[in-house]
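Input: a single structure, listed below in structure tokens.
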Amino acid sequence: MTLAMTIPWGGCTQVRYGPPVEVPSDSTEVTAALANGSHEDNRDTVGFIERIRREAQGSRVPLQAILDTLFPPRHVSAAAADRVDVLKTREELDVQLLERRASETGVCACRYDAILQCFDELIRQVAILCPERAFLLIRQMTDEINAIKKQHANEIELMRQQMATLEMIFISTHNARGKVTTTSQIPAQVPS
Numbered sequence: 037m038t039l040a041m042t043i044p045w046g047g048c049t050q051v052r053y054g055p056p057v058e059v060p061s062d063s064t065e066v067t068a069a070l071a072n073g074s075h076e077d078n079r080d081t082v083g084f085i086e087r088i089r090r091e092a093q094g095s096r097v098p099l100q101a102i103l104d105t106l107f108p109p110r111h112v113s114a115a116a117a118d119r120v121d122v123l124k125t126r127e128e129l130d131v132q133l134l135e136r137r138a139s140e141t142g143v144c145a146c147r148y149d150a151i152l153q154c155f156d157e158l159i160r161q162v163a164i165l166c167p168e169r170a171f172l173l174i175r176q177m178t179d180e181i182n183a184i185k186k187q188h189a190n191e192i193e194l195m196r197q198q199m200a201t202l203e204m205i206f207i208s209t210h211n212a213r214g215k216v217t218t219t220s221q222i223p224a225q226v227p228s
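With this note's numbering, you'll find the sequence shown wraps up at 228, consecutive numbering, no jumps.
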């Protein structure tokens, strides 16, 4: 099994999962309901969905059993990683960043997502050894991310205030000289 498994919406995750859980064999009603609509002669998708919905509501099959049949649930692996797994995860992260064309500098959503997945795998490893420490690590990570986001928002607001102040100073000094009468004549970059 690879460390970076493909997830249904096309992305990859760095968290190691166990094999998909098989649906119990006693769910013959679910498999029969799904098998009835899987023939090639049934091309009416909306009609097929409505028929499955009616059959599911009329039968005693819970919705979760149907979903588990369609998309086998995954459980996070409890196996500890060794050195080879760590190196393989690093290589897969590098490949994922290259494939998604993540920016090496600045703010990049692709890189942010990939790094969070690596943190998830790290938290999984810590949870195997000490679950309490994993909870503390999650709390610390979320607090740190929230603090950085708040600091970033405060810095943006401070820059806006400074730009407004510089704009007012620029307008007042040039209006006193009679050169600028509207704000549209202000240069795009104010020298610092």
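By construction, the Cβ of each residue, glycine as well, lies at the ideal position given by its N, Cα and C atoms.
Around the C-beta of residue i, are 16 or more other C-beta atoms found within 10 angstroms, so that it is buried, or is it exposed?
i: R169; result: exposed
i: L129; result: buried
i: R196; result: exposed
i: Q198; result: exposed
i: A212; result: exposed
i: Q100; result: exposed
i: E205; result: Reading the sequence as shown, one finds Ile at residue 205 and not Glu. So I205 ends up on the exposed side.
i: I102; result: buried
i: E135; result: exposed
i: E86; result: exposed
i: Q153; result: buried
i: E191; result: exposed
i: E157; result: buried
Between residue i and residue j, which are expected to be in contact by the criterion C-beta below 8 Å, what is the C-beta distance as a whole number of angstroms?
i: E150; j: Q132; result: In the sequence under discussion, the amino acid at residue 150 is Ala, which differs from the Glu named in the question. Right, the Cβ-Cβ distance comes to about 6 Å (below 8 Å), so this counts as a contact.
i: R126; j: A138; result: That belief does not hold up - the Cβ atoms of R126 and A138 are roughly 15 Å apart, past 8 Å.
i: A116; j: I164; result: 5 Å
i: L173; j: I159; result: 6 Å
If you follow the alpha helix (DSSP H) that residue i is part of, which residue opens it and which one closes it?
i: S139; result: Note, S139: premise wrong, no alpha helix (DSSP H); not H, not E.
i: F155; result: A145 to L165
Helix, strand or coil for residue i per DSSP?
i: F206; result: helix
i: F107; result: coil
i: D118; result: coil
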